[in-house]
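S.K.: Protein chains in written order, with this note's numbering: chain A, 1 to 354; chain B, 355 to 754.
Quick reminder that beta carbons are idealized off the backbone N, C-alpha and C, glycines included.
#1: Between which residues of its own chain and residue 230/A is the CB-CB distance below 6 Å, once the five residues before and five after are set aside?
#2: Which whole-angstrom value describes the C-beta separation of residue 529/B and residue 585/B, a residue pair presumed to lie in contact below a C-beta threshold of 8 Å?
#3: Does the count of Cβ pairs from the region 538 to 557 of chain B and the region 446 to 465 of chain B closer than 8 Å reach three?
#4: Measuring CA to CA, which of 719/B, 731/B, 617/B is closest to residue 642/B?
#5: I believe residue 189/A touches residue 7/A by the beta-carbon criterion, under 8 Å. Please report the beta-carbon distance rounded to the nearest angstrom.
#6: Does the CB of residue 268/A have a neighbour CB from chain D at under 9 Å?
#7: Using the DSSP secondary-structure output, state which residues sit across from residue 355/A in a beta bridge.
#8: Less than 9 Å between the C-beta atoms of residue 667/B and residue 644/B, yes or no?
#9: Which of the three DSSP states is assigned to residue 471/B in this structure?
#10: Find out if the Cβ-Cβ distance for the pair residue 151/A, residue 163/A is shorter than 9 Å.
#11: Count the CB pairs spanning the region 43 to 53 of chain A and the region 326 to 336 of chain A that are closer than 8 Å, and state whether there are at least three.
#12: For residue 557/B, count neighbouring Cβ atoms within 10 angstroms of its own Cβ and tell me buried if that reaches 16, exposed if not.
#13: Cβ closer than 8 Å: which chain A residues qualify as neighbours of residue 626/B?
#14: Considering only the beta carbon of each residue, do residue 135/A and residue 46/A sit closer than 9 Å?
#15: Answer with buried or exposed for residue 631/B, where buried requires no fewer than 16 other C-beta atoms within 10 angstroms of its C-beta.
#16: Spatial neighbours of residue 498/B within its chain, please: C-beta separation below 8 Å, excluding the five flanking residues on both sides.
#17: When the Cα of residue 168/A is compared with those of 241/A, 20/A, 72/A, 299/A, which residue comes out closest?
#18: Check for me: the alpha helix (DSSP H) holding residue 628/B runs from which residue to which?
#19: Would you call the CB atoms of residue 482/B and residue 475/B closer than 9 Å?
#20: What residue from 440/B, 470/B, 708/B has the CA that sits closest to residue 100/A's CA?
#21: Does the Cβ of residue 593/B have 16 or more other Cβ atoms within 10 Å, making it buried, or fewer, making it exposed?
#22: According to DSSP, is residue 653/B part of a helix, a strand, or is it coil?
#23: Label residue 571/B either buried or exposed according to how many other C-beta atoms from any shown protein chain fall within 10 Å of its C-beta, with 16 as the threshold for buried.
#24: Taking the alpha helix (DSSP H) that residue 60/A falls in, what are its first and last residues?
#25: Rank 307/A, 228/A, 85/A, 296/A by C-alpha distance to the C-alpha of residue 38/A and give the top, closest one.
#26: From residue 112/A to residue 434/B, what distance separates their C-alpha atoms?
#27: Could you tell me if residue 445/B is buried or exposed, where buried requires 16 or more neighbouring beta carbons within 10 angstroms of its beta carbon?
#28: Is the Cβ of residue 179/A closer than 9 Å to any Cβ of chain B?
#29: When the Cα of residue 198/A is compared with those of 138/A, 227/A, 270/A, 308/A, which residue comes out closest?
#30: Within the same chain, show all residues whose beta-carbon is closer than 7 Å to that of residue 288/A, passing over the 5 residues directly before and after it, in chain order.
#31: For residue 409/B, which option in 423/B, 398/B, 429/B has the closest C-alpha, if you only look at C-alpha atoms?
#32: Please go through the region 368 to 393 of chain B and give each complete alpha helix (DSSP H) segment of 4 or more residues, from N-terminal end onward.
#33: What residue range does the beta strand (DSSP E) around residue 509/B cover?
#34: Considering only residues of the same chain and omitting the five flanking positions on each side of residue 355/B, which have a CB-CB separation below 8 Å?
#35: Among 450/B, 524/B, 426/B, 717/B, which residue has its Cα nearest to the Cα of residue 764/B?
#36: What residues in the region 491 to 503 of chain B bring their beta carbon closer than 9 Å to a beta carbon of chain A?
Structure representation (structure tokens):
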């Protein structure tokens with residue numbers, strides 16, 4: 001079985017993360033409960049005529065994938081695998097509301113065509129003229145990890161050498177409003193420093209695109225080795241620690257072997273307990289970081305967690321803004337990312353310095 | 355590479371039957387399930403025909419014994435019915451005995467409820483329970499819950515009309531790689547105003563019975579359905595002395611990279627998908643005994659797919675047919691529906707006819723099988739082609 005490496009990373013998020021030279025050193029302060037992605041100059045990457053037709057999610061996905069390809073220094077890949085929990089919300093909303101508002105009349109196909117969940121993966125393939133394997137996973141908070149598992153299997157079995165994997169999510173105004181009424185969105189605006197201790201229900205909704213080239217070919221520029229990925233549709237709180245220990249054991253590791261854990265705390269008073277019990281128990285003596293105070297919550301934001309872990313491993317720097325505790329570790333070699341959303345769809349991603 | 359993955363159970367609900375036996379009966383008796391739409395109030399009613407499952411949502415809720423406060427979308431309910439049949443047929447009584455996951459394909463997901471309550475969600479308390487049923491993964495989560503699959507690998511694929519075929523492909527790879535011992539794979543999609551009007555704006559809906567591979571084809575009939583297969587590792591098959599229905603022998607996925615919705619003239623993507631599947635199966639085109647074509651009866655699909663099939667099979671064409679004239683095009687579920695039909699074909703050594711065909715297409719000399727035909731079948735190739743250029747082929751075989 002071949003080893004799998006993260007050879008490039010690219011992130012478009014509510015922070016200025018698309019410029020690979022910087023690393024969370026110029027933080028955008030928010031005081032809101034919905035935060036959009038900070039836009040790169042899309043025109044630099046997509047012809048204006050094409051960009052006009054694209055909803056934001058498509059643009060973010062296309063550009064993030066281009067940046068990842070550029071950094072990896074490759075022209076094409078053996079597979080394109082994306083994850084998106086909510087899909088193309090903007091075009092979906094456009095088409096549904098047009099159906100209702102006009103009683104099924106005077107409809108045009110554009111928004112329907114672009115509403116399909118695999119639009120981003122299809123557009124990336126079109127742009128690259130890449131006829132390879134092309135999948136899109138759409139399973140809530142583990143959409144990205146599903147894509148990663150698929151990629152990892154193909155690379156391990158040497159069915160592919162380079163795979164473009166990514167997660168993308170766009171905000172849709174109506175969908176966000178609908179989630180406000182069921183308290184999935186935080187009731188009040190919060191600042192970055194307040195998110196974790198907001199003591200309210202819901203999360204700060206957001207959007208973004210995080211793409212990676214994963215490969216079974218290690219380069220000097222590789223970020224990390226991808227040791228393992230696992231997902232769980234359900235997981236009771238009282239079984240979480242045991243599950244993580246078993247997962248680590250399968251990889252011949254113990255909790256104390258980890259140099260860093262990347263946690264998905266989003267400040268939801270009802271569900272952060274999953275993370276807190278880890279912070280206070282099995283990872284009490286482990287360096288912990290979090291990121292959703294900077295980039296909000298969305299179905300594929302855990303890909304940002306992997307971006308963060310990769311960047312920390314490669315640069316061996318941990319920006320102070322992501323610290324969840326004060327523990328210092330001399331070196332960051334082995335990193336575990338853990339995420340869940342509303343108590344379901346848990347994921348573990350294990351990375352190692354290479 | 356060439357060893358197949360065992361299929362030990364299957365379940366289906368479609369416009370031509372509520373289980374595997376009813377579907378088979380309709381297939382061999384040439385009873386199609388295409389009618390006017392009854393369960394959805396749409397102004398398009400008199401202009402389109404659909405492959406509709408006639409149970410209302412209330413009837414499905416009763417059938418599944420769901421509590422009144424449930425928030426199942428129709429997609430989820432159809433999915434549960436088919437998945438439960440598959441589990442029963444596979445003789446599984448203890449789902450936790452082996453590491454079991456589920457991979458499901460859907461494109462509509464919970465859109466049926468979203469379009470019904472879109473604005474009401476903002477003000478009405480009662481329908482708000484469906485807000486969380488909108489996302490595509492919800493139906494799969496619910497199927498897993500109903501089957502008792504916990505703490506496991508549960509995911510959803512949405513690659514338009516090839517979703518279920520891709521779910522089967524991933525499932526086979528999960529078994530081969532040892533990540534799971536057992537996996538339920540397939541797809542579910544219900545009818546919705548969203549898809550009815552979407553395909554209407556693309557002007558590819560027929561106003562009468564769809565006629566795959568016919569020169570005068572007028573477009574597709576949308577359908578709704580769900581179907582699932584149970585795939586099990588050799589270890590489980592041996593330990594449980596399982597009867598194997600057939601094998602997933604080969605699979606391939608490729609992207610046409612031509613246009614967001616239309617297929618390329620020469621069917622590059624479909625050609626590649628078939629090539630890859632044959633390679634994984636370690637078979638030559640001449641080894642394929644029957645092709646269950648995607649054959650949606652749109653002008654574009656049948657021409658592109660037909661050309662792709664010819665590129666692969668040249669002058670060694672086996673019998674081929676599309677079963678869409680029976681069921682309509684069930685979108686994300688189609689690959690699973692046709693997987694069940696492919697396995698039935700292998701089990702019963704029978705080729706299901708391509709209904710409604712009259713006139714050969716002028717672009718090539720392909721004539722589908724139009725009568726029910728008995729033939730010893732060892733391998734069936736099934737195509738599923740979708741929006742976003744997504745092309746998938748799965749090969750089913752009698753022998754591993």
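M.R.: Considering the structure as presented:
#1: Position 230 of the first chain, counted from the start, is the residue given in the question as residue 230/A. The residues 247, 348, in chain order, have a CB closer than 6 Å to that of residue 230/A in the same chain once the five nearest residues on each side in sequence are set aside.
#2: Within the second chain, the letter at position 175 stands for residue 529/B. Within the second chain, the letter at position 231 stands for residue 585/B. So it is a contact: roughly 5 Å between Cβ atoms.
#3: Touching, yes, given that three or more Cβ pairs across the two stretches are closer than 8 Å.
#4: Within the second chain, residue 642/B is the residue found at index 288, counting from 1. Of the candidates 719/B, 731/B, 617/B, the one whose C-alpha sits nearest the C-alpha of residue 642/B is 731/B.
#5: As a working mapping, residue 189/A is identified with position 189 in the first chain. As a working mapping, residue 7/A is identified with position 7 in the first chain. Separation of the CB atoms of residue 189/A and residue 7/A is rounded to 39 Å, and the pair is thereby denied contact status at 8 Å.
#6: As a matter of chain content, chain D is missing from the structure shown, whose protein chains are A and B.
#7: With chain A represented from 1 up to 354, any question about residue 355/A goes unanswered, as that position is not in the structure.
#8: Looking up residue 667/B in the second chain gives position 313. Looking up residue 644/B in the second chain gives position 290. Between residue 667/B and residue 644/B, the gap from beta carbon to beta carbon reaches 9 Å or more.
#9: The residue you call residue 471/B lines up with position 117 of the second chain. Correct three-state label for residue 471/B: helix.
#10: Stepping through the first chain from its first residue, residue 151/A is reached at position 151. Stepping through the first chain from its first residue, residue 163/A is reached at position 163. A Cβ-Cβ contact shorter than 9 Å links residue 151/A with residue 163/A.
#11: When C-beta atoms of the region 43 to 53 of chain A are compared with those of the region 326 to 336 of chain A, fewer than three pairs fall below 8 Å, so the two segments do not count as touching.
#12: In the second chain, the residue the question calls residue 557/B occupies position 203. Residue 557/B sits exposed, since fewer than 16 C-beta atoms from the chains shown fall within 10 Å of its C-beta.
#13: On the second chain, position 272 is the one that residue 626/B refers to. Listed along chain A, the residues sitting closer than 8 Å to residue 626/B by beta-carbon distance are 131.
#14: Stepping through the first chain from its first residue, residue 135/A is reached at position 135. Stepping through the first chain from its first residue, residue 46/A is reached at position 46. In this structure, residue 46/A does not lie closer than 9 Å to residue 135/A by Cβ.
#15: Looking up residue 631/B in the second chain gives position 277. It counts as buried.
#16: On the second chain, position 144 is the one that residue 498/B refers to. These residues qualify, in order along the chain: 456, 504, 506, 508.
#17: As a position in the first chain, residue 168/A is number 168, starting the count at 1. Residue 299/A is the option with its Cα nearest to residue 168/A.
#18: Taking the second chain and counting its residues from 1, the one referred to as residue 628/B is at position 274. Bounds of the alpha helix (DSSP H) holding residue 628/B are 622 to 635.
#19: Here residue 482/B corresponds to residue number 128 of the second chain, with the count starting at 1. Here residue 475/B corresponds to residue number 121 of the second chain, with the count starting at 1. Using a Cβ distance threshold of 9 Å, residue 482/B and residue 475/B count as a contacting pair.
#20: For the purposes of this step, residue 100/A is identified with residue 100 of the first chain, where counting begins at 1. It is 470/B.
#21: As a position in the second chain, residue 593/B is number 239, starting the count at 1. Classification for residue 593/B: exposed.
#22: Here residue 653/B refers to the residue found at position 299 of the second chain. DSSP places residue 653/B in helix when its eight states are reduced to three.
#23: Position 217 of the second chain holds residue 571/B. With 16 or more other Cβ atoms within 10 Å, it is buried.
#24: The residue given as residue 60/A occupies position 60 in the first chain. Element bounds for residue 60/A: 56 to 72.
#25: Along the first chain, one-based indexing puts residue 38/A at 38. If we check each option's Cα against that of residue 38/A, 296/A comes out closest.
#26: For the purposes of this step, residue 112/A is identified with residue 112 of the first chain, where counting begins at 1. For the purposes of this step, residue 434/B is identified with residue 80 of the second chain, where counting begins at 1. It is roughly 27 Å from the alpha-carbon of residue 112/A to the alpha-carbon of residue 434/B.
#27: Within the second chain, the letter at position 91 stands for residue 445/B. Residue 445/B counts as exposed, since fewer than 16 other C-beta atoms from the protein chains shown sit within 10 angstroms of its C-beta.
#28: Taking the first chain and counting its residues from 1, one reaches residue 179/A at position 179. For residue 179/A, the nearest beta carbon of chain B is closer than 9 Å to its own beta carbon.
#29: In the first chain, counting from the first residue as 1, residue 198/A sits at position 198. Minimum Cα distance to residue 198/A is reached at 270/A.
#30: Along the first chain, read from residue 1 onward, the residue named residue 288/A stands at position 288. Within the same chain, residue 288/A has close Cβ partners 261, 263, 279, 324, 325.
#31: Here residue 409/B refers to the residue found at position 55 when the second chain is read from its first residue. Just measuring C-alpha positions, the residue of 423/B, 398/B, 429/B sitting nearest residue 409/B is 429/B.
#32: Whole alpha helix (DSSP H) segments, 4+ residues: 374 to 382.
#33: In the second chain, the residue the question calls residue 509/B occupies position 155. Per DSSP, residue 509/B belongs to the beta strand (DSSP E) from 508 to 511.
#34: Taking the second chain and counting its residues from 1, the one referred to as residue 355/B is at position 1. Legend: pLDDT at residue 355/B = 47, less than 50; position of this residue unreliable, no value from coordinates given.
#35: Residue 764/B lies beyond the stretch modelled for chain B, which goes from 355 to 754, so this question has no answer here.
#36: Only those residues of the region 491 to 503 of chain B whose C-beta falls short of 9 Å from the nearest C-beta of chain A are listed: 491, 492, 494, 495, 498, 499, 503.
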